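Residue numbers for the sequence shown, in numbering that gives the first Met the number 0: 0 to 198. For glycine and all other residues, C-beta sits at the position ideal for the given N, C-alpha and C. As the structure is a prediction and not an experimental result, all values here were calculated from the model.
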Amino acid sequence: MADLGAHAPLQPTPPSHTPSYRLGFPVKVLGGGGLPSHDSRRWQNRPHLSVSLAYLRDIFVYLAQQDIRFYRMAGALAPYLTHPDLPQFHRQLEECEMELAALGDHSRQLGLRLTLHPGFFVQLSSPDPDRVRRTVEELNAHAALLDAMGLGPESVIVIHVGGVHDATSAGRERFVRAWELLPPATQARLALEHDDRFY
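So this is what it looks like as structure tokens:
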């Protein structure tokens, strides 16, 4: 057995050095006094992507201070962006075009990899055609947000294949059919994540 005491103690990686791996975490920031991940106000209070982006800037500062280079952003960064009954929220990406580009530049300067995980209602394998239609709209909006930030292909939208609807084979078939409804730019942004309870 090797004598571990004979080796010099490990030294922390200097912040100026980018390791070959990136440690990170999803959405909720407990450090830094508890930083909000997005504008979570109800629609009546007029939440907006611009507020979420201000929060995200603060999160980037905290991540840089902690030498964290991987962060999964909140799926609700642009509140009610695709809600069919709230068209007043549908132009948030255009309204925040400059802020999105600037924040994307900032993330690249920090060497920060960013991803998104949409809400639970985003299900390409759903047997409900209306839910599939809304899922396609939501995924297209998420892809447009990442594109507006100028983020590369490593910035993905993490989704699950299935749900609790029925047999996995039927769900997989529906997933493939719905996948084909997505434009190539959105397809290229998707990454499948294993769900330990479903699939």
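According to DSSP, residues forming a beta bridge with residue i
| i | result |
| --- | --- |
| LEU191 | ILE158 |
| VAL28 | LEU34 |
Proximity winner among the options, relative to residue i (alpha-carbon distances)
| i | options | result |
| --- | --- | --- |
| GLU119 | ALA73, SER36, ARG41, GLY32 | Checking the sequence, you will find Phe at residue 119 rather than Glu. Here the closest residue by C-alpha is ALA73. |
| VAL155 | ALA101, GLY31, PRO117 | PRO117 |
| ARG71 | LEU138, ALA184, LYS27, LEU123 | LYS27 |
| LEU109 | GLN87, PHE69, PRO128 | PHE69 |
| GLY33 | ILE58, GLU179, ARG173, ASP84 | ILE58 |
| PRO25 | ILE67, GLU93, GLU153, GLU179 | ILE67 |
| ALA182 | HIS37, ALA143, ASP129, CYS95 | A small correction: the amino acid at residue 182 is Pro; Ala does not occupy that position in the sequence shown. Cα-wise, what sits closest to PRO182 is ALA143. |
| GLN64 | GLN186, VAL131, GLY30 | GLY30 |
| ASP95 | HIS141, PRO78, LEU48, GLU153 | Sequence check: residue 95 is Cys here, not Asp. That would be LEU48, whose Cα lies nearest to the Cα of CYS95. |
| GLY103 | ARG56, ALA77, GLN186, ARG45 | ARG56 |
| GLU179 | HIS82, GLU153, ASN139 | ASN139 |
| ARG188 | ALA169, GLU153, PHE174, GLY170 | GLU153 |
Whole-Å CB distance - residue i paired with residue j, under 8 Å assumed
| i | j | result |
| --- | --- | --- |
| LEU111 | LEU62 | 6 Å |
| LEU115 | VAL157 | 7 Å |
| ALA101 | ALA147 | Between ALA147 and ALA101 the Cβ distance is about 11 Å, and since that is not below 8 Å, they are no contact. |
| LEU150 | LEU113 | 6 Å |
| LEU52 | GLU98 | 5 Å |
| ALA177 | LEU92 | With a Cβ gap of about 23 Å, ALA177 and LEU92 do not count as contacting. |
Run of the alpha helix (DSSP H) containing residue i, from where it starts to where it stops
| i | result |
| --- | --- |
| ARG133 | 128-147 |
| PHE59 | 48-64 |
| ARG171 | 167-178 |
| LEU115 | Note, LEU115: premise wrong, no alpha helix (DSSP H); beta strand (DSSP E) at 112-115. |
| GLN186 | 183-186 |
| ALA101 | 96-108 |
Boundaries (first-last residue) of the beta strand (DSSP E) holding residue i
| i | result |
| --- | --- |
| GLY216 | Any question about residue 216 goes unanswered here, given that the chain covers just 0 to 198. |
| LEU71 | First, the residue type needs correcting, since residue 71 is Arg and not Leu in the sequence shown. ARG71 -> beta strand (DSSP E) spans 69-72. |
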